[in-house]
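Trainee:
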Amino acid sequence: MKTFDSLAEMRAFLPEGACAPTAAVLTSMRDYIEGPLEEASFTALFGATAYLVEQVEDLSAVLSFDEVDGRRVSLFDAASCAFDVAEWIDDGRFARFVTIESAEGGPQYLIPREVADQFKSVRESIESLKAPL
57 MKTFDSLAEM
67 RAFLPEGACA
77 PTAAVLTSMR
87 DYIEGPLEEA
97 SFTALFGATA
107 YLVEQVEDLS
117 AVLSFDEVDG
127 RRVSLFDAAS
137 CAFDVAEWID
147 DGRFARFVTI
157 ESAEGGPQYL
167 IPREVADQFK
177 SVRESIESLK
187 APL
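Here the numbering used here is used: the first residue of the sequence shown is 57, the next is one more, and so on.
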């Protein structure tokens, strides 16, 4: 799994459409960021880095807020609607999952479509979060 601690790092590796949601969040926080937005540390701002899931096994690190036997459920284990953000981005080329775990924020996971399509829990999690309560 690849990690990114700034928008500049993301943009060097990912298409702009996959970076757009993060860029929008950073733009909305402009008053709180010293220096260029592209160089702002995700760890300092959100308390965690951004992750690129590169293979199906990496889905075990994408943890929802659901728990079974005191252990958080991952996308590798099952679908879950217990994410703060679960959406398709970049015209469906990536899935994006975010859990807000502290006052600063939390990790975000980007999952390329070719990985997401191998595990139905990704699609089901996004669909379940969109479903009306």
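Quick reminder that beta carbons are idealized off the backbone N, C-alpha and C, glycines included.
1) Which same chain residues end up closer than 6 angstroms to Cys75 when comparing Cβ atoms and leaving out the 5 residues on each side of it in sequence?
2) Grab me the residues of Val81's own chain with a C-beta within less than 8 angstroms of its C-beta, minus the 5 sequence neighbours each way, in chain order.
3) Counting Cβ pairs closer than 8 angstroms, one from the region 166-173 and one from the region 107-119, do we hit at least three?
4) With distances taken Cα to Cα, identify the nearest neighbour of Glu170 among Ser97, Phe132, Phe60 and Val112.
5) When burial is assigned at 16 or more other CB atoms within 10 Å of the CB, is Arg86 buried or exposed?
6) Looking at the strands, I want to know which residues DSSP matches up with Ile145.
7) Please report the distance separating the alpha-carbon of Glu50 from that of Glu157.
8) Under the three-state reduction of DSSP, which class applies to Leu70: helix, strand or coil?
9) Is Tyr88 near Leu70, with beta carbons less than 9 angstroms apart?
10) Go ahead and label Val178 buried or exposed: buried means 16 or more other beta carbons lie within 10 angstroms of its beta carbon, across all protein chains shown.
Mentor: The short version:
1) Apart from the 5 residues on each side of it in sequence, Cys75 sits with its Cβ closer than 6 angstroms to the Cβ of Met66 and Arg67 in its chain, given in chain order.
2) Excluding positions up to five away in sequence, the list is empty.
3) The answer is yes - the region 107-119 touches the region 166-173, with three or more Cβ pairs under 8 angstroms.
4) Taking only the C-alpha atoms, the option nearest Glu170 is Val112.
5) Residue burial annotation: Arg86 is exposed, with fewer than 16 other C-beta atoms found within 10 angstroms of its C-beta.
6) Beta-bridge pairing links Ile145 to Phe150.
7) One cannot answer for residue 50 here, as it falls past the ends of the chain, which runs 57 to 189.
8) Residue state, collapsed to three classes: coil.
9) Contact annotation: Tyr88 and Leu70 have beta-carbon atoms that are not nearer than 9 angstroms.
10) Around the beta carbon of Val178, a 10 Å sphere encloses 16 or more other beta carbons of the protein chains shown; the residue is thus reported as buried.
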